[in-house]
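Novice: Protein chains in written order, with my numbering: chain A, 1 to 318; chain B, 1001 to 1318.
Glycine is no exception: its CB is placed at the ideal position from the N, C-alpha and C atoms.
Small disclaimer: the values here were computed from a predicted structure and weren't measured.
#1: If you measure between the beta carbons of residue 1047 of chain B and residue 1068 of chain B, is that distance less than 7 Å?
#2: Got a sec? Which residues, its chain only, sit under 7 Å from residue 148 of chain A by beta carbon, not counting five neighbours each side?
#3: What three-state label does DSSP hand residue 1261 of chain B in the structure shown?
#4: Taking the C-alpha atoms as reference points, what is the distance between residue 123 of chain A and residue 306 of chain A?
#5: Taking DSSP's pairing of strands, which residues face residue 93 of chain A in a bridge?
#6: Between the Cα of residue 1075 of chain B and those of B:1163, B:1198, B:1021, B:1099, spot the shortest distance and give me the residue it belongs to.
#7: Taking only three categories from DSSP, how would you classify residue 1191 of chain B?
#8: Per DSSP, residue 154 of chain A forms a beta bridge with which residues?
#9: For a minimum of 4 consecutive residues, which ranges assigned as the alpha helix (DSSP H) are wholly contained in the stretch 229-307 of chain A?
#10: If we count the other Cβ atoms within 10 Å of its Cβ and call it buried at 16 or more, is residue 1159 of chain B buried or exposed?
#11: Counting contacts by CB-CB distance shorter than 7 Å, is residue 266 of chain A in contact with chain B?
#12: Can you grab the Cα-Cα spacing for the pair residue 1296 of chain B / residue 1052 of chain B, in whole Å?
#13: To the nearest angstrom, report how far apart residue 1185 of chain B and residue 1210 of chain B are at their CA atoms.
#14: State the Cα-Cα distance for the pair residue 234 of chain A and residue 228 of chain A, rounded to the nearest angstrom.
#15: Between the alpha carbons of residue 318 of chain A and residue 117 of chain A, how many angstroms are there, rounded?
#16: Comparing the C-beta of residue 1250 of chain B with each C-beta of chain A, is any distance below 7 Å?
#17: List the residues of chain B whose Cβ lies closer than 7 Å to the Cβ of residue 311 of chain A, in chain order.
#18: Are residue 1293 of chain B and residue 300 of chain A touching if we call contact CB-CB under 7 Å?
#19: At least one CB of chain A closer than 7 Å to the CB of residue 1157 of chain B: is that the case?
#20: What are the partner residues of residue 1064 of chain B, as DSSP defines its beta bridges?
#21: Between the alpha carbons of residue 1089 of chain B and residue 1242 of chain B, how many angstroms are there, rounded?
#22: How long is the line joining the alpha carbons of residue 1017 of chain B and residue 1078 of chain B, rounded to whole angstroms?
#23: Residue 161 of chain A touches chain B at which residues, Cβ-Cβ below 7 Å?
#24: DSSP on residue 221 of chain A, reduced to helix/strand/coil?
#25: Assign residue 1021 of chain B to one of three DSSP states: helix, strand, or coil.
#26: Output, in chain order, the set of chain A residues within a Cβ distance shorter than 8 Å of residue 1257 of chain B.
#27: Determine the DSSP secondary structure at residue 139 of chain A, reduced to helix, strand or coil.
#28: In the stretch 33-55 of chain A, which residues sit with their C-beta less than 7 Å from some C-beta in chain B, listed in chain order?
#29: Just curious, the beta strand (DSSP E) that residue 1043 of chain B is in, first and last residue?
#30: Counting beta carbon pairs with one atom in the stretch 1271-1288 of chain B and one in the stretch 1171-1181 of chain B, are three or more of them shorter than 8 Å?
#31: Using a 10 Å radius around the Cβ and a threshold of 16 neighbouring Cβ atoms, would you call residue 230 of chain A buried or exposed?
#32: Taking 7 Å as the threshold (beta carbon to beta carbon), is residue 1296 of chain B in contact with chain A?
#33: Per DSSP, which one or two residues make a beta bridge with residue 1206 of chain B?
#34: Please tell me whether residue 63 of chain A and residue 71 of chain A are closer than 7 Å, where the distance is taken between their beta carbons.
#35: Residues in its own chain within less than 7 Å of residue 1194 of chain B by CB, not counting five upstream and five downstream?
#36: Rounded to the nearest angstrom, what separates residue 1303 of chain B and residue 1277 of chain B at their Cα positions?
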């Protein structure tokens, strides 16, 4: 077998991260994910609020949007987001592709329009070969933009976490305390809602099942989308994978401590006051759900073309 | 020679980008570079305005800062920034390390304080091992933060650009038009100011040497720092490496087209009207200064500790 000497290979500057093995659509999606030109201001990208350096969230109660507007709800993680019943806290998008269009055109988030996003990306000559590779032609459409971002998001998985290794038979993958936490989590049926491979994201449940949740956040959850009174305060159950990284917690981001969040869940959902030991055990177990974060190579974005509109962050007329 | 089959190597998930070969201080600097917790809001990182996906700049006239404030001056590129006479347009910092502290504590940029930055980073347990590896102890000081960021910035070089290959003897590295552009650039002594390995960054020169530069930007350049009248409108000569990526141009970011920038330079600095052909040639040559951009692996940032203050982007009291 002919082979380049490894010593020589280490000098080669081509990244060997998973990014190097991605499909053309995923590669284009990774570029668009980091491209602030998808926002009105030219300053905010998907990664601004779903930061892949910090668990796919911004670790803020609610996000900073266009003109420094305060976002309406806590930014959910993009990690492992594919296999959920729906997207957004209220489930108003059924797929990642459908979801991806939301923040781009939300006036409190990226503040762009379909037309602006397509015009800007279409005006950048360096994007053309990537669209051709991904879709066969270099035509830029909003659906192609969101399809690429969705394809990239599907690569953002964290399968190899300690509890997964434990469940596969490695008894030493987690501690005794973490095992106790898992037993407690099962015993009190937290798994009823936090179910499936992501320990959540599979159903809509009432925030405050047995006791009202006090919050200043105006969101009514699922009811904001369905307009049905019975959906008031029903939210998509958050994913527990990487929960250690995705603070602050709940749809309003009101709670930044994991023990506090577990305590409140016990009281509001189970009518149960967990003991400090039980809380410590469950928190220890939750930390065994933190997986190896995706290896992301920062994309090199193509420069503006002669017709690319220059973003004006402070311009109010847009 | 024993050698792992290349096919096997492609399956290895460890990144092989330069990031993998960095020193402990550079690694820590790369983490801090991308960490928005160095800003008051928890939303702005070094990379927000010196985006390594877009030539080390934000491609805005002036930058978006804390509370969406408009920055005072165009964000200069961080690429190849080490070997300059000084840092900032007015040269008020003599080293990258000294420069790095500026934006973190500038109320119009990241809006933090030395105390806040140190308190936040010191409160994050996951940073401790990186400080220990880089500095011997896990003590967090502002100097260690800026020293690490400076060390990382020194890795952000783009040596392998077509004109460099041409100068090393590869006559086919650039086109006939690019060679004509270089000849024109030399003939009219643009190299007097755009000198050195970066084609700039080596001196302070008057913007508008032979004709006043009209701008609404209030900056007086070097005079803002020295308070000397004779330094009015003297700015550090911008680096031309990667100029194709670092638009918009000049300290006020007023010009987004490279041909327009070349035309204006001829008129304001040389009292010369370049012909359209000369401008096209020079622009073609300038594009041969675009180097291979640094391969950056996005860092995985450690989560907050129990004492880490949660950022409040909209809180005015800070």
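Specialist: If we stick to the structure as given:
#1: no
#2: 25, 28, 29, 32, 134
#3: helix
#4: 8 Å
#5: A:87
#6: B:1099
#7: helix
#8: DSSP, once it has assigned bridges, lists no residue as partnering residue 154 of chain A.
#9: 258-270, 276-286
#10: exposed
#11: no
#12: 8 Å
#13: 18 Å
#14: 11 Å
#15: Because the pLDDT of residue 318 of chain A is 44, which lies under 50, any placement of that residue in the model is unreliable, and the number read from its coordinates should be weighed accordingly. Roughly 13 Å between the two C-alpha positions.
#16: no
#17: 1060
#18: yes
#19: no
#20: B:1070
#21: 17 Å
#22: Only weak support is given to the placement of residue 1017 of chain B: the predicted model assigns it a pLDDT of 43, under 50, and the question is left unresolved by the model.
#23: Result: empty, since nearest Cβ-Cβ is about 14 Å, beyond 7 Å.
#24: strand
#25: helix
#26: 306
#27: coil
#28: 34, 41, 42, 43, 52, 53, 54
#29: Segment: none, residue 1043 of chain B is in no beta strand (DSSP E) and carries neither H nor E.
#30: yes
#31: exposed
#32: yes
#33: B:1234
#34: yes
#35: 1200, 1237, 1240
#36: 55 Å
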